[in-house]
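Single-structure report; data block below.
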Amino acid sequence: MSGGLEKIVVRIDADLAEIAPGYLENRRKDLEQLPLALASGDFNLLRTLGHRMKGSGAGYGFDAISEIGRAIEEAAKREDRPGVEHGIAELVAYLERLEVVYA
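Have a look at this one:
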C-alpha cells in the first residue's frame with residue numbers, strides 16, 4: 001500500500017447514478033452539523049441525523065451508512081458523547097475512502 005488507507009468499493013445500481021452523488025453530498029453536509037450538535041450537547045439533533053442515515057443509507061446501496069447512522073442514533077439516545085464521536089469518525093473515514101462503482 002502507498003501509505004493511504006484502502007478504498008472501500010461499493011457497487012450500486014446504475015439507476016442510482018443520478019441521485020447517489022447528491023445523497024453522499026448530503027452526508028458530507030451532515031459532517032458539518034454533527035460535530036456542532038455534539039459540541040452544543042444537542043442530542044435530539046444527533047439522534048435525528050443518525051436516524052435519517054440509518055433509514056436511508058441501505059436504500060441507496062450504502063449499508064455502512066445505515067449502520068453508522070444506527071450507531072450515532074443509539075449513542076445519542078444514551079447521551080453517550082464518546083459513542084457519537086466514534087460514529088462521526090467512522091462516517092468521516094467511510095466517506096473519505098468510498099469509491100462508488102455503478103453496475
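The sequence shown begins at 1 in full-length UniProt numbering and counts up one residue at a time.
The beta-carbon is built from N, C-alpha and C at its ideal position, and this holds for glycine as well.
In this text the structure is predicted, and so the values were computed from the model without any measurement.
Neighbourhood of residue i by C-beta, 8 Å cutoff - its chain only, sequence neighbours within 5 removed
i: I19; result: Y60
i: Y94; result: I8, A64, I65 and I68
i: E101; result: First, the residue type needs correcting, since residue 101 is Val and not Glu in the sequence shown. The answer, listed in chain order, is V9, V10, R11 and I12.
i: I88; result: L31, L34, P35, L38 and I72
Boundaries (first-last residue) of the alpha helix (DSSP H) holding residue i
i: R70; result: D63 to K77
i: L31; result: A20 to A39
i: L46; result: F43 to S56
Closest by C-alpha distance to residue i, when choosing among the options
i: E73; options: L31, L49 and A58; result: L49
i: S56; options: N44, R27 and I88; result: R27
i: L91; options: N44, K29 and G41; result: K29
Local Cβ density within 10 Å of residue i, reported as buried at 16 or more and exposed below that
i: A75; result: buried
i: R97; result: exposed
i: K54; result: buried
i: L5; result: exposed
Cβ shell of residue i (< 7 Å), same chain only, five flanking positions each side left out
i: V84; result: L38, L46, I72, A75 and A76
Run of the beta strand (DSSP E) containing residue i, from where it starts to where it stops
i: residue 113; result: Residue 113 falls outside the range modelled here, since the chain spans only 1 to 103, and no answer is possible.
i: Y102; result: L98 to Y102
Residue i at chain B interface by Cβ criterion, 8 Å
i: F62; result: The structure shown contains no chain B, having only a single protein chain.
Decide if the segment 31 to 40 is in contact with the segment 63 to 71; the criterion is three or more beta carbon pairs, one per stretch, under 8 Å apart.
Output reads no: the segment 63 to 71 does not touch the segment 31 to 40.
Within the chosen definition, does the segment 69 to 87 reach the segment 7 to 15 through at least 3 CB pairs nearer than 8 Å?
The count of Cβ pairs closer than 8 Å, one atom from the segment 69 to 87 and one from the segment 7 to 15, stays below three, leaving the stretches out of contact.
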